[in-house]
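Listed in order, the protein sequences are those of chains A and B. With our numbering applied, the first sequence covers 1 to 312. With our numbering applied, the second sequence covers 313 to 624. Idealized CB from N, CA, C, for every residue including glycine. Predicted model, so just to flag it, every value in this text is computed and none were measured. All remarks here apply to the structure that follows.
There are 2 protein chains.
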Amino acid sequence: MIVALAGGVGAARFLRGLVRVAPPEEITVIVNTADDDIFHGLSVSPDLDTVTYTLAGAEHPEQGWGLEGESFRTIGALSRFGVSPWFRLGDLDIATHLFRTERLRDGATLSEVTREITASWGITTLLIPMTDDAVGTRLTVEREDAKTEVLRMQEWFVKERTAPTVRNVEFDGAQNSVPAPGVLDAISEAETIIICPSNPVISIGPILAIPGIREALVARRSRVVGVSPIIAGETVKGPADRLMQSLGIEVSCVGVAKTYAEYCSTLIIDERDASRCDDVEAHGVRAVVAQTLMSDPDVAASLARSVLEAME
Amino acid sequence: MIVALAGGVGAARFLRGLVRVAPPEEITVIVNTADDDIFHGLSVSPDLDTVTYTLAGAEHPEQGWGLEGESFRTIGALSRFGVSPWFRLGDLDIATHLFRTERLRDGATLSEVTREITASWGITTLLIPMTDDAVGTRLTVEREDAKTEVLRMQEWFVKERTAPTVRNVEFDGAQNSVPAPGVLDAISEAETIIICPSNPVISIGPILAIPGIREALVARRSRVVGVSPIIAGETVKGPADRLMQSLGIEVSCVGVAKTYAEYCSTLIIDERDASRCDDVEAHGVRAVVAQTLMSDPDVAASLARSVLEAME
Chain A
1 MIVALAGGVG AARFLRGLVR VAPPEEITVI VNTADDDIFH GLSVSPDLDT
51 VTYTLAGAEH PEQGWGLEGE SFRTIGALSR FGVSPWFRLG DLDIATHLFR
101 TERLRDGATL SEVTREITAS WGITTLLIPM TDDAVGTRLT VEREDAKTEV
151 LRMQEWFVKE RTAPTVRNVE FDGAQNSVPA PGVLDAISEA ETIIICPSNP
201 VISIGPILAI PGIREALVAR RSRVVGVSPI IAGETVKGPA DRLMQSLGIE
251 VSCVGVAKTY AEYCSTLIID ERDASRCDDV EAHGVRAVVA QTLMSDPDVA
301 ASLARSVLEA ME
Chain B
313 MIVALAGGVG AARFLRGLVR VAPPEEITVI VNTADDDIFH GLSVSPDLDT
363 VTYTLAGAEH PEQGWGLEGE SFRTIGALSR FGVSPWFRLG DLDIATHLFR
413 TERLRDGATL SEVTREITAS WGITTLLIPM TDDAVGTRLT VEREDAKTEV
463 LRMQEWFVKE RTAPTVRNVE FDGAQNSVPA PGVLDAISEA ETIIICPSNP
513 VISIGPILAI PGIREALVAR RSRVVGVSPI IAGETVKGPA DRLMQSLGIE
563 VSCVGVAKTY AEYCSTLIID ERDASRCDDV EAHGVRAVVA QTLMSDPDVA
613 ASLARSVLEA ME
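Next up, the structure:
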């Protein structure tokens, strides 16, 4: 069995490769839900949906969220009511949120709804939210005028386009949350545990903030392999580089190794970072070089194979 | 000031004519909300929306509900989840429901949300729901196998396409409801009170079931004029004829006169029913003949003029 910790688009693209080189039904993905929020009354789970849509082969080919062939008629019509729909939910995507919102209101857990949604897409890989409790990333940002403010993840990422500098990150609700059913068992029983190429701070960070998960990973450290989301000092997509920098983490595979060192024994780094192997290993993390820029599904499958081979 | 009691499409088409022959801002429309229901977690108010969309000139030209140029991408995508979306909400329409649902959840009353929605469409006529309380039409139907069942309005009308015979109609919640703010004042102050050409049983009936409204109309009987929705024994649209028949009401302008007689002094009947004037007046209701089949907005305006002239 393989367990993967996942955020959004980077993880989704990696997982699409992984299911081509390992039996999909033997993979359990633990997904960040700290970006979840309510928009226009709808319960939206961005990372769960990105992974779901990508594993279903239905994801938008470029934008990194949402569905292929999406339209935005409902969200466009909302602007009539003075609502500022900065979080653009597509018409097809809204069906997912309507279904989830209604099931949650009926008393289903997010785990249960996630299983129903993934089953409806024909996905045999098990997706589990990190927790069924409400946990939300809160970013303390500093404005140009030096004033600070606390933003929710999507406010900072989508509405403010990551412009304000982040001074602190907290996961509201995490300390009183519990891992979703199956999370700790999956980690303790997995042959290989993969930290997908996701944002270490706000995608992997929240998963580790759920009480019990970090300890479970530490106990399995020798079986944990990470994939650096930083290539030659930059992220492929998303704000990981800016975020790491403003939090004083070196924006490199070395910074990732240092962040993960406590619970991760092996880190896959990109060919362009081959010269940093020694620096990674100085943090007690074995470095394995591979092509990590997933320019297409074939490369993603090849990367996934490299990850599994590194742990053989 | 003019007050109109309104259901769905027939009322909407009449009102579109009325606002062409009387100042729109001097008209108050009291709208049936007993067809309101929750679909996929969204608070839907069919009659309020039909009147709103029609007064905005944005209504679908044929189907009698929804918006022109509508699409059904979200509702189509919902079928993936095993949800049977028999109540077809359009993508543009869903924006209205998302807005209303969120505002209601935030604590706004239906009256308040209705004012916000109509204002956003540039409508200067005041639309008031009959009540801000939850009232729902419940139809006891008899199946072919003689078994009875209680259906909600949209279940009978849309899902079952009015096939089961209705044995009884009740308005759940009506007896503990109160008229929305402004309803009773509007009735007591109006120069003319129009009962729009709507279903007497399930569109006008629920409005009268709200405690206080029937009494307020009875007190103003001399100023109340109805428009028969039955022309030559048939309805133009909707199930009024079937419903009246199964409840033992004569399916004619005479049956309408008898139903309204207590609180309505004048009834506009169609030219094709001119021979029934005496039968209408036998119920103590003055009959006025006009062209009531609103084949286009000009005819609707002409009908509205006839209604106002009948009360001069």
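query = Which value, in whole angstroms, describes the spacing of the CA atoms of Pro397 of chain B and Ser391 of chain B?
reply = One Cα belongs to Pro397 of chain B, the other to Ser391 of chain B, and the distance between them is close to 7 Å.
ask   = Counting contacts by CB-CB distance shorter than 9 Å, is Trp399 of chain B in contact with chain A?
value = Checking the displayed sequence, the identity of residue 399 of chain B turns out to be Phe instead of Trp. Taking 9 Å as the CB threshold, Phe399 of chain B stays off the interface with chain A.
request  = May I ask you to list, following chain order, the residues of the stretch 87 to 104 of chain A that have a beta carbon less than 7 Å from some beta carbon of chain B?
outcome  = Asp91, Leu92, Ile94, Ala95, Leu98, Phe99, Thr101 and Glu102
request  = Give the DSSP-derived three-state secondary structure of Asp172 of chain A in the structure shown.
outcome  = strand
ask   = Which residue or residues does DSSP assign as beta-bridge partners of Glu546 of chain B?
value = B:Ile543
ask   = Looking only at its own chain, which residues have a Cβ that is under 6 Å from the Cβ of Ala498 of chain B, when we skip the five neighbours before and after it?
value = Val315 and Thr340
message = Quick check on His352 of chain B - is its C-beta less than 9 Å from some C-beta in chain A?
response = yes
inquiry  = Just to make sure I have the definition right: I need the residues of chain B whose C-beta is within less than 8 Å of the C-beta of Thr74 of chain A. Which are they?
reply    = Thr386, Asp403, Leu404, Ile406, Ala407 and Leu410
request  = Would you tell me roughly how many angstroms separate the C-alpha atoms of Val289 of chain A and Phe351 of chain B, rounded to the nearest one?
outcome  = 53 Å
Interface flag, Leu267 of chain A vs chain B, CB-CB below 9 Å = no
task = Apply the 10 Å Cβ neighbour rule to Lys159 of chain A and answer buried if 16 or more other Cβ atoms are within range, or exposed otherwise.
result = So Lys159 of chain A ends up on the exposed side.
message = When you compare the CB positions of Arg161 of chain A and Gly136 of chain A, do they come within less than 9 Å of one another, or not?
response = Not closer than 9 Å, so no.
ask   = Does the separation of the CB atoms of Val563 of chain B and Gly545 of chain B fall below 9 Å?
value = Contact flag set, yes.
ask   = Residues in the stretch 417 to 451 of chain B with C-beta within 8 Å of chain A's C-beta atoms, listed in sequence order?
value = Arg417, Glu428, Ile429, Ser432 and Trp433
query = When the cut-off is 9 Å and only beta carbons count, does Val395 of chain B lie next to chain A?
reply = yes
query = Under 9 Å, do Thr266 of chain A and Arg286 of chain A count as touching if we go by C-beta distance?
reply = Result yes, Cβ atoms of Thr266 of chain A and Arg286 of chain A sit closer than 9 Å.
task = Classify Gly8 of chain A as helix, strand or coil using the three-state DSSP reduction.
result = coil
key: Beta-carbon neighbours of Arg221 of chain A, restricted to chain B and to distances below 7 Å   = Residues of chain B passing the Cβ test: none, with the nearest at roughly 39 Å.
ask   = Residues of chain B with CB under 8 Å from Arg16 of chain A, in chain order?
value = Residues of chain B with a Cβ closer than 8 Å to the Cβ of Arg16 of chain A do not exist, since the nearest Cβ in that chain sits about 20 Å away.
task = Verify whether the separation of the beta carbon atoms of Thr101 of chain A and Leu89 of chain A is less than 9 Å.
result = no
request  = Check whether the Cβ of Arg45 of chain A lies closer than 9 Å to any Cβ atom in chain B.
outcome  = One point to set straight first is that residue 45 of chain A is Ser, not Arg, in the sequence displayed. No, its Cβ sits nowhere closer than 9 Å to a Cβ of chain B.
ask   = Is there at least one Cβ from chain B nearer than 9 Å to Leu78 of chain A's Cβ?
value = yes
ask   = Nearest-angstrom Cα distance between Ala446 of chain B and Phe72 of chain A?
value = Annotation: Ala446 of chain B to Phe72 of chain A spans about 32 Å, alpha carbon to alpha carbon.
request  = Closer than 7 Å by beta-carbon distance: list the chain B residues that pair up with Ser71 of chain A, in chain order.
outcome  = Residues of chain B passing the Cβ test: Arg385.
request  = Examine the Cβ distances between the stretch 489 to 504 of chain B and the stretch 289 to 309 of chain A and report whether three or more of them are shorter than 8 Å.
outcome  = no
task = Determine, using beta carbons only, whether Val537 of chain B and Tyr575 of chain B come nearer to each other than 9 Å.
result = no
query = Smallest Cα separation from Ser45 of chain A: which of A:His60, A:Glu26 and A:Gly66?
reply = A:Gly66
key: Through-space distance from Gly69 of chain A to Ala77 of chain A, alpha-carbon basis   = Ala77 of chain A and Gly69 of chain A have their C-alpha atoms spaced approximately 19 Å apart.
ask   = What is the DSSP secondary structure of Asp361 of chain B, counted as helix, strand or coil?
value = Reduced to three states, the DSSP call for Asp361 of chain B is helix.
task = Put Leu451 of chain B into one of helix, strand or coil per three-state DSSP.
result = strand
inquiry  = For His409 of chain B and Gly353 of chain B, I'd like the C-alpha separation in whole angstroms.
reply    = 9 Å
query = Do the stretch 272 to 279 of chain A and the stretch 193 to 209 of chain A meet, that is, are 3 or more Cβ pairs less than 8 Å apart?
reply = no
ask   = Mapping DSSP to helix, strand and coil, what is Thr426 of chain B?
value = helix
ask   = Leaving out the 5 sequence neighbours to the left and right, which residues in its chain are closer than 6 Å to Ser203 of chain A when beta-carbon positions are compared?
value = Gly7 and Asn32
message = Let me confirm a value: Ser295 of chain A is counted as buried when at least 16 other C-beta atoms fall within 10 Å, else exposed. Which label applies?
response = When all chains shown are included, Ser295 of chain A counts as exposed.
Residue interval of the alpha helix (DSSP H) (run including Arg473 of chain B) = Neither: Arg473 of chain B is in no alpha helix (DSSP H) and is coded neither H nor E.
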